[in-house]
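Below is one structure; the comments refer to it alone.
Protein chains: 2
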Amino acid sequence: MSARQMCTFFGGDAAHPLGLASAMATQKRQSGKRSGKANPAEDEAVYQAILHALLEGKLKAGVKLAEPPLADIFGVSRERIRKVLHRLGAERRLEMIPNRGARVPRPTLDDVRRVYEAHRVLEAGVLTQLVRRVDDALIERLNAHLAEERAAATRGDRAASVRLSGAFHVHLVEALGNAELSRFLADLLSRSSVMVSVYEPATDSICAVDEHGAIVEALRARDVARAIAVSREHFLHVESRLHLDDDAAPVSEDLTAVFAAIKPKRRKR
Amino acid sequence: MSARQMCTFFGGDAAHPLGLASAMATQKRQSGKRSGKANPAEDEAVYQAILHALLEGKLKAGVKLAEPPLADIFGVSRERIRKVLHRLGAERRLEMIPNRGARVPRPTLDDVRRVYEAHRVLEAGVLTQLVRRVDDALIERLNAHLAEERAAATRGDRAASVRLSGAFHVHLVEALGNAELSRFLADLLSRSSVMVSVYEPATDSICAVDEHGAIVEALRARDVARAIAVSREHFLHVESRLHLDDDAAPVSEDLTAVFAAIKPKRRKR
DNA sequence: TTTTATGAAAATGTGCACATTTGGCATGGT
DNA sequence: ACCATGCCAAATGTGCACATTTTCATAAAA
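Written out as structure tokens, the structure reads:
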């Protein structure tokens, strides 16, 4: 359950967009070859595909997303791509420059710090509200999640560790049941997921399980001050590990390779 | 200064969009009559005009925003309007229904409560972080703002009171200097500004100045618990005043009247 | 009278052609 | 060798025509 929630933000597996894309392709085939009208889910499929690639970190920071190649890769009209790109731009997931197209944003170190600080501040508020409505069921759920985290850590599954670490904080906000707050956190996480690939040291897990456990303990004890203090230390700890990696990596990924698994129908020359 | 900040969210005066629109119209005239190409700021002008109307509450909840009439009113092509509408939809400021156009969202009472709760939780986090970096200058600024609020209240200026009440909370987040947090609050306020016109009792000021003063006092004393408690009470107080006004007001505003001041160039039959 | 069917007008969605702008490359001048 | 200028291919932006869908009004049937 927790894994699926994270999937919404990070896109743990690539099965979902692929399924959508192929289903879409089938439907398109049956409507002739170039009727070109009325595909309500086609936008969504392309949107999800690009979004997943973005959140998975397959699209590196600074990469140019030109319309013609994408239209060719996905086998849709350029306007379709265009609309999706602008939508992603409006959601601040892509950087749109007038007359110069869309690029994957290249966050500065200050940007990353700002996102982490926002998350820290938000979680302080969440914890404040959460101690007012803790019950055994919530503690139970959080402990179950901690068990998952520990299991992943002990078996050395780094990918699962990172995913579950993020999911823990998602659990905390979701416990409040407020869609606005959940959306805001999702926004922050989606932004930091791109950042991780730039600034995060790949050598270590993002969040230490112990610190998560301490937060749960403080929650169980209804100790607001301690919960906030632990959470704050936790975030500062993570932030201190950020390092600048601007060693001029002009990763000129070609888009065909990134989206190869999604749409095996691109035929060039 | 504070008034101008709020203007970004609520749009206190309609002078700005008008200026943009008329300037745009002039530029368009000089390029012939229907060259129809290359107006980089035209999108922005239309966007700002609709956004301002939305935030000012001139566009009532549930109103349909059809493309043809808007294109006629603003004197631009339908595609232009279309793009702006979809952008506002991506920002969740308009409700987009496939094949059925754009409508001003009609928030439920639960929606309103959710927004207020989110603001409450966010402010708890902001205050927690803020007590760590209070200085005399901040207290000074907040007190100056309180003075403005009191002045508006004593002279019975309801519009200014409402505006300044919101601006107080903006001041609190802006004091942290975190753009992500400021954006989130702006998002919440822009949503509630639409809601106010539906659920808020028009008879009373939104925020009591005394409660704002109590928050500042707690901040000056570096008393986190008290600051949060006062803030919480403050919000609950406001929330308790919400009332359901679903008495079927099918306000079928025609768009021409709403945007009349913006573009006096619409010629129909 | 209420409900259902039907068709026309209006509104939304989309591909396409074309204008404009950008970026790179070659050429020529200092 | 270096910088400036101009040209050409590619990419972005936009209006337009047309397909599809919705909506509304009118008429027909229960």
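Those protein sequence lines, which keep their order, are chains A and B.
So that you can map any letter, position 39 of the first sequence is 39 in the numbering used here, and since no number is skipped, the others follow by simple counting.
The numbering used here runs 1000 ahead of the 1-based position in the second sequence.
Glycine included, C-beta positions come from ideal geometry on N, C-alpha and C.
Being a predicted model, the structure only gives us computed values, none of them experimental.
Could you check where the alpha helix (DSSP H) with residue i kicks off and where it finishes?
i: Glu1148 of chain B; result: 1136-1154
i: Glu1174 of chain B; result: 1158-1174
i: His243 of chain A; result: Unbroken run through His243 of chain A: none, as it is neither H nor E.
i: Arg1220 of chain B; result: 1209-1220
i: Thr128 of chain A; result: 109-130
i: Phe278 of chain A; result: The structure shown has nothing for residue 278 of chain A, since chain A only spans 1 to 269.
i: Asp1043 of chain B; result: 1042-1056
i: Leu1255 of chain B; result: 1255-1258
Hey, could you find the ends of the beta strand (DSSP E) residue i is sitting in?
i: Ala1102 of chain B; result: 1101-1103
i: Glu91 of chain A; result: No beta strand (DSSP E) holds Glu91 of chain A; DSSP gives it neither H nor E.
Rounded to whole angstroms, how far is the Cβ of residue i from the Cβ of residue j, which I believe are closer than 8 Å?
i: Ala1124 of chain B; j: Ala124 of chain A; result: 7 Å
i: Val63 of chain A; j: Val112 of chain A; result: Contact doesn't hold; Cβ gap of about 18 Å is too wide.
i: Ala152 of chain A; j: Leu164 of chain A; result: 6 Å
i: His169 of chain A; j: Leu185 of chain A; result: 7 Å
i: Val1046 of chain B; j: Arg1100 of chain B; result: Rounded, the Cβ-Cβ distance is 21 Å, inconsistent with contact.
i: Leu122 of chain A; j: Leu1122 of chain B; result: 7 Å
i: Arg1120 of chain B; j: Arg1232 of chain B; result: 6 Å
i: Ser1240 of chain B; j: Val1115 of chain B; result: About 15 Å; that fails the 8 Å criterion.
i: Ala1041 of chain B; j: Phe1259 of chain B; result: Not quite, the Cβ-Cβ distance comes to about 18 Å (not below 8 Å), so this is no contact.
i: Ala1150 of chain B; j: Val1209 of chain B; result: Looking at the sequence provided, one finds Arg at residue 1150 of chain B rather than Ala. Right, the Cβ-Cβ distance comes to about 5 Å (below 8 Å), so this counts as a contact.
In chain B, which residues lie less than 9 Å from residue i when you measure between Cβ atoms?
i: Val112 of chain A; result: Those do not exist, as Val112 of chain A stays about 11 Å from chain B at its closest Cβ, beyond 9 Å.
List, in chain order, every chain A residue whose beta-carbon is nearer than 7 Å to that of residue i.
i: Ile1081 of chain B; result: Correct list: empty, because the minimum Cβ distance to chain A is about 15 Å.
i: Phe1184 of chain B; result: Phe184
i: Leu1172 of chain B; result: Near Leu1172 of chain B there are no residues of chain A at all, since even the closest Cβ is about 11 Å away, more than 7 Å.
Chain B partners of residue i, CB-CB under 7 Å?
i: Ile228 of chain A; result: Thr1128
i: Ala90 of chain A; result: Arg1087, Ala1090, Glu1091
i: Leu55 of chain A; result: Going along chain B, no residue has its Cβ under 7 Å from Leu55 of chain A, so there is no contact; the nearest lies around 17 Å.
Under 7 Å Cβ to Cβ from residue i, same chain only, skipping five residues before and after it: list those, please.
i: Arg222 of chain A; result: Val131, Val134
i: Arg1034 of chain B; result: Because the pLDDT at Arg1034 of chain B is just 40, under 50, the model does not fix this residue reliably, and the point stays unresolved.
i: Ala227 of chain A; result: Leu127, Val131, Ile215, Ala218, Leu219
i: Ala23 of chain A; result: Reliability of the predicted coordinates at Ala23 of chain A is poor, the pLDDT of 40 falling under 50, and no value is obtained from them.
i: Val1084 of chain B; result: Asp1043, Val1046, Tyr1047, Ile1050
i: Leu1070 of chain B; result: Ile1081, Leu1255
i: Val230 of chain A; result: Glu211, Ala214, Ile215, Ala218
i: Ala118 of chain A; result: Leu188
Using 8 Å as the cut-off, classify the Cβ of residue i as near or not near the heavy atoms of the ligand FAD, replying yes or no.
i: Ala61 of chain A; result: As for the ligand FAD, it is missing from this structure, which has no ligand bound.
Whose Cβ in chain A lies nearer than 8 Å to the Cβ of residue i?
i: Asn1178 of chain B; result: Arg114, Glu117, Ala118, Val121
Quick one: what's got a C-beta closer than 8 Å to residue i's C-beta in the same chain, skipping five residues either side?
i: Asn178 of chain A; result: none
i: Ile1097 of chain B; result: Arg1103
i: Gly213 of chain A; result: Leu146
i: Gly19 of chain A; result: Unreliable positioning characterises Gly19 of chain A in this predicted model, as indicated by a pLDDT of 38, which lies under 50. The coordinate reading is nonetheless provided below. So the list is empty, once near-sequence residues are dropped.
i: Gln129 of chain A; result: Leu176
i: Gly1089 of chain B; result: Glu1095, Met1096, Ala1102
i: Asn143 of chain A; result: Val216
i: Glu140 of chain A; result: none
Name, please, each residue of chain B whose Cβ falls closer than 8 Å to the Cβ of residue i.
i: Ala124 of chain A; result: Ala1124, Gly1125, Thr1128, Gln1129
i: Leu188 of chain A; result: Glu1180
Beta-carbon within less than 6 Å of residue i's beta-carbon, same chain only, minus the 5 sequence neighbours each way: which residues are those?
i: Glu95 of chain A; result: Arg103, Pro105
i: Ala160 of chain A; result: Ala152
i: His1234 of chain B; result: Glu1211
i: Val1173 of chain B; result: Val1126, Leu1181, Ser1182, Leu1185
i: Arg87 of chain A; result: none
i: Glu67 of chain A; result: Arg78, Ile81, Arg82
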